[in-house]
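There are 2 protein chains.
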Amino acid sequence: MNFEFYNPTHLIFGAGKVSKIGEVTFKYGKKALLVTGGGSVKRNGISDRVIASLKNSGVQVVECSGIEPNPRISSVRRGADIARKENCDVVIALGGGSTMDASKVIAAAVFYDGDPWDMVFHGQSNLHIPTTALPIITVPTLAATGSEMNAGAVITNEETSQKSFAQANCLYPKVAIVDPELTLSVPENHTAYGVCDLITHVTEAYFNGVDNTPIQDRFAEGVILNAMEWGLKAIENGNDLEARTQIQWASILALNGWVSAGTNGGYPVHMIEHTISAHHDITHAAGLSIINPSWMRFSAKHNPQKFTQFAERIFSLKAKNPQDLDCALKGIDQFEIFLKTTNCPTRLSELNIDGKLIKRYAQDTLQIVHDENGKLPGRPPMSEEDIIKVLTAAL
Amino acid sequence: MNFEFYNPTHLIFGAGKVSKIGEVTFKYGKKALLVTGGGSVKRNGISDRVIASLKNSGVQVVECSGIEPNPRISSVRRGADIARKENCDVVIALGGGSTMDASKVIAAAVFYDGDPWDMVFHGQSNLHIPTTALPIITVPTLAATGSEMNAGAVITNEETSQKSFAQANCLYPKVAIVDPELTLSVPENHTAYGVCDLITHVTEAYFNGVDNTPIQDRFAEGVILNAMEWGLKAIENGNDLEARTQIQWASILALNGWVSAGTNGGYPVHMIEHTISAHHDITHAAGLSIINPSWMRFSAKHNPQKFTQFAERIFSLKAKNPQDLDCALKGIDQFEIFLKTTNCPTRLSELNIDGKLIKRYAQDTLQIVHDENGKLPGRPPMSEEDIIKVLTAAL
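Line by line, the protein sequences are chains A and B.
Just so it is clear: in the first sequence, position 90 is 90 by our numbering, and no numbers are missing.
Add 1000 to a position in the second sequence, counting from 1, and you land on the number used in our numbering.
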């Protein structure tokens, strides 16, 4: 194990905590850019509560609404323009992963004279990693991406059909106010997508990481087991605050670095999915739910021990030996059954995506990120043919 | 779950990483107070390597050696005097928990005109929680307290026979350089004490916390299982770098807040042990090893479900039902057997401590900390009689 860890986000977690937004924000700025998504926070009144709390604490509010589910670089440009013009000194993200991701890049774009797309990694020579950003405060309304407590952001360039990530220490939110009550109104399908999203974050680190990380393995398994158990409860009954609380906590842990610290793996399933959703504007987690089991079957042959452990510890299957590929594959089958139980799709055809552009998806993915051998980082590293194989199996 | 989490320490982890100390320190200061313990870092050459790295990077070094195993407030005063007189602008702790704890309070004492003992919680009306400290860099030479990545410090007042903790955000180390190679020379008994110390940190949060923290439970169990497995390997063969690495990582996780976040429990075993070691200057972990099993037997009756889970998940015992006190007690027996296997003491008599002062220990503990009913916080809260009972059972 050889790694660095740094995450300075101050987490405030618990039902009802959204009422602290005014008091918390006032410590960082007096004029907030309030970034929101498609309008649900306006319809359900959360936005009004947040604005009232901010105004009560003496914080002025400038709104930037309409961030898309796969947030676009044009929205980032628009948000940064508003923040600059209005002299905002703090950015509040109120919404799901898309809203939070866009907010992070907006907060950094305010200090960057070039095009914000330069800050998103896509193999370019003029990559700009930001070092300064306005203070960011995240208030998630969905248990899914964990963006509220990390320094990453995924942005789509709608002109080039590219989707990739920005990452920099200045993108860590100063504060994450995580109030599970805000997620009670999330509909069944998006609840399920969130559960699938968070589990995929964990499986990426778990299966792509280095060997000999037994404590991280236990952490990952703990998050997966609980996300599955409480995820089903939250899907079944959206008003189950205990279930909402547990999956919200799981979603934070899945991507705040605690589970992945020291595993040093790649995120191949995410990178492939980003290409698919850049082309088809599908829900990120729906893409993950389709690609992940197919990728697992591909990867298991190269890493049977970890997949056997997964089958044993997550699904209580009995392995004949520590590298029992048969048992490992049965574990993947069980995982796919779980995804189906949540009504997440597991085949591209369910989203009306056919195989015509499969080669293009593979090429685009490798254009965004590849190792020195031209392969997609992961365990194992994937060639264009490997990606095509995984996607073909998921048709 | 209702909690806040904040831990901004930048962790640099891995074999060989101590060589970065000069480069890292230079970012924070140009004249370092190098705090060390009893001399082992001088004898084994680690101190020379650190000083050479600092000087190569242009950092001047002022030494403050001789921090005791139960670090004394007089040593804190001495260190702060040196730092002030020499105008040090950064504090480096090179040693075990005692050295790190003393360093933290020294770093804050530099900015406080009163007596540093005011910063240590002991029920006083003039408690001073510091808000400013010199930048602190920790370089642990022992896997035990996890002090390298948290904001706590335990200090003994040798004049009043009191031992208690300071805690403040400004005490978070800026950087923790954690190099498991530095622990290869730790003797067998102190390796065992470290393992016992870290496991006790985890059990305190696990058994004293609120209900319904299933992910935290899995995290705690993951740390305990691995600390036991790799701890025995490190005790058996001190040169096993893999085992040293795993217990070092476990020791960090045991007290950096990741396992305990949201559990909101007390630390009764620690509070009782502090009183014993304040009176008898015993090794902290030896005291924990004696008190913890006795406290567990007392607590299990009040919390049979969690102790049953412990027996099942840590020792693979089969419970008849989720609140099987018999199974729970067998799990505690197994845990005590593990402690004996590591050669940690499990009875006060092994340290030549008899029962004469037992009432005094209980009273002193409650004087340091008690709830509104005069009881020691924990699950269950403990009266003077309860503490006496636990200690009597441990004679």
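We put the CB at the ideal spot given by N, CA and C, even for glycine.
Values in this document were obtained by computation on a predicted structure and should not be read as measured data.
Asked: With 16 as the cutoff for other CB atoms within 10 Å, does E273 (chain A) come out buried or exposed?; Found: buried
Asked: Let me check understanding here. Comparing Cα to Cα, which of A:S103, A:D324 and A:Q309 lies closest to A70 (chain A)?; Found: With the sequence shown as reference, residue 70 (chain A) is identified as Asn, and Ala is not the correct amino acid for it. Checked all of A:S103, A:D324 and A:Q309; the closest Cα to N70 (chain A) is A:S103.
Asked: Below 8 Å between beta carbons is the criterion; list the residues of the segment 1200 to 1228 of chain B that meet it against any residue of chain A, in chain order.; Found: N1212, P1214, I1215, D1217, R1218, F1219, E1221, G1222, V1223, L1225 and N1226
Asked: Starting from the C-beta of I1177 (chain B), find all residues in its chain whose C-beta is less than 8 Å away, skip the five residues before and the five after it, and write them out in chain order.; Found: I1012, K1017, V1018, K1020, I1021, V1024, I1137, T1138 and V1139
Asked: Taking 9 Å as the threshold (C-beta atoms), are E1204 (chain B) and F1310 (chain B) in contact?; Found: no
Asked: Using a Cβ cut-off of 9 Å (strictly closer), state whether E236 (chain A) contacts chain B.; Found: no
Asked: Where do the ends of the alpha helix (DSSP H) carrying I155 (chain A) lie?; Found: Careful: I155 (chain A) lies outside any alpha helix (DSSP H), inside the beta strand (DSSP E) at G152 to N157.
Asked: Just reading off the beta strand (DSSP E) that I290 (chain A) is part of, what are its end residues?; Found: That residue, I290 (chain A), is in no beta strand (DSSP E); its alpha helix (DSSP H) goes H284 to A300.
Asked: Apart from the five residues on each side of it in sequence, which residues of its chain come closer than 6 Å, Cβ to Cβ, to Y1267 (chain B)?; Found: E1204
Asked: Under 9 Å Cβ-Cβ, which residues of chain A neighbour Q1309 (chain B)?; Found: Under the 9 Å cutoff, chain A gives no residues; its nearest Cβ is about 13 Å from Q1309 (chain B).
Asked: Quick check on the burial criterion: 16 or more other C-beta atoms within 10 angstroms. Buried or exposed for T160 (chain A)?; Found: exposed
Asked: With a cut-off of 8 Å on the beta carbons, I'd call A424 (chain A) and V110 (chain A) a contact; round off their distance for me.; Found: Outside the displayed range of chain A (1 to 395) lies residue 424 (chain A), so it cannot be described from this structure.
Asked: Among residues of its own chain, excluding the 5 on either side of E1385 (chain B), which ones have a beta-carbon nearer than 7 Å to its beta-carbon?; Found: none
Asked: Determine, using beta carbons only, whether K233 (chain A) comes closer than 9 Å to chain B.; Found: no
Asked: Roughly how many whole angstroms lie between the Cα atoms of G1014 (chain B) and L1182 (chain B)?; Found: 10 Å
Asked: Compare the beta carbon distance of L1232 (chain B) and T1342 (chain B) with 9 Å and say whether it is the shorter of the two.; Found: yes
Asked: Could you name the residues that DSSP lists as bridge partners for M382 (chain A)?; Found: A:L376
Asked: Nearest to T131 (chain A) by CA position, among A:E86, A:D324, A:V105 and A:R78, is which residue?; Found: A:V105
Asked: Against chain B, which members of the segment 12 to 23 of chain A pass a CB distance test of less than 9 Å?; Found: I12, F13, G14, A15, G16 and K17
Asked: Does the distance from the CB of V1269 (chain B) to the CB of T1200 (chain B) come in under 9 Å?; Found: yes
Asked: Check whether the Cβ of W230 (chain A) lies closer than 9 Å to any Cβ atom in chain B.; Found: yes
Asked: Is the beta carbon of K1085 (chain B) closer than 9 Å to that of D1217 (chain B)?; Found: no
Asked: Taking the alpha-carbon positions, what's the V210 (chain A) to V259 (chain A) distance?; Found: 13 Å
Asked: For K163 (chain A), which of helix, strand or coil comes out of DSSP?; Found: strand
Asked: Helix, strand or coil for Q323 (chain A) per DSSP?; Found: coil
Asked: Following the continuous alpha helix (DSSP H) through A311 (chain A), name the residue where it begins and the one where it ends.; Found: P304 to F315
Asked: Measure the CB-CB distance between A1234 (chain B) and I1247 (chain B) and report whether it falls below 9 Å.; Found: yes
Asked: I'd like to know if N239 (chain A) contacts chain B, where contact means its C-beta is closer than 9 Å to some C-beta of that chain.; Found: no
Asked: Could you pull out every unbroken alpha helix (DSSP H) segment of at least 4 residues lying fully inside the segment 182 to 212 of chain A, listed in chain order?; Found: 188 to 208
Asked: Go ahead and label I337 (chain A) buried or exposed: buried means 16 or more other beta carbons lie within 10 angstroms of its beta carbon, across all protein chains shown.; Found: exposed
Asked: Would you mind working out which of A:G331, A:A394 and A:S75 sits nearest T156 (chain A), comparing C-alpha positions?; Found: A:S75
Asked: So, are the CB atoms of A112 (chain A) and H122 (chain A) less than 9 Å apart?; Found: Note that residue 112 (chain A) is Tyr in the sequence shown here, rather than Ala. Taking 9 Å as the Cβ cut-off, Y112 (chain A) and H122 (chain A) do not qualify as a contacting pair.
Asked: Going along the chain, which unbroken runs of the beta strand (DSSP E) with 3 or more residues stay wholly within the segment 1230 to 1294 of chain B?; Found: none
Asked: Counting only the same chain and skipping the five closest in sequence on each side, list residues whose C-beta sits under 6 Å from that of G1097 (chain B).; Found: A1144, T1145 and S1147
Asked: Which residues in the same chain have their Cβ closer than 7 Å to the Cβ of T1308 (chain B), if we skip the five residues on either side of it in sequence?; Found: A1319, P1322, Q1323, D1324, C1327 and A1328
Asked: Could you pull out every residue in the same chain whose Cβ sits closer than 8 Å to the Cβ of D240 (chain A), ignoring the five residues on either side in sequence?; Found: K233 and A234
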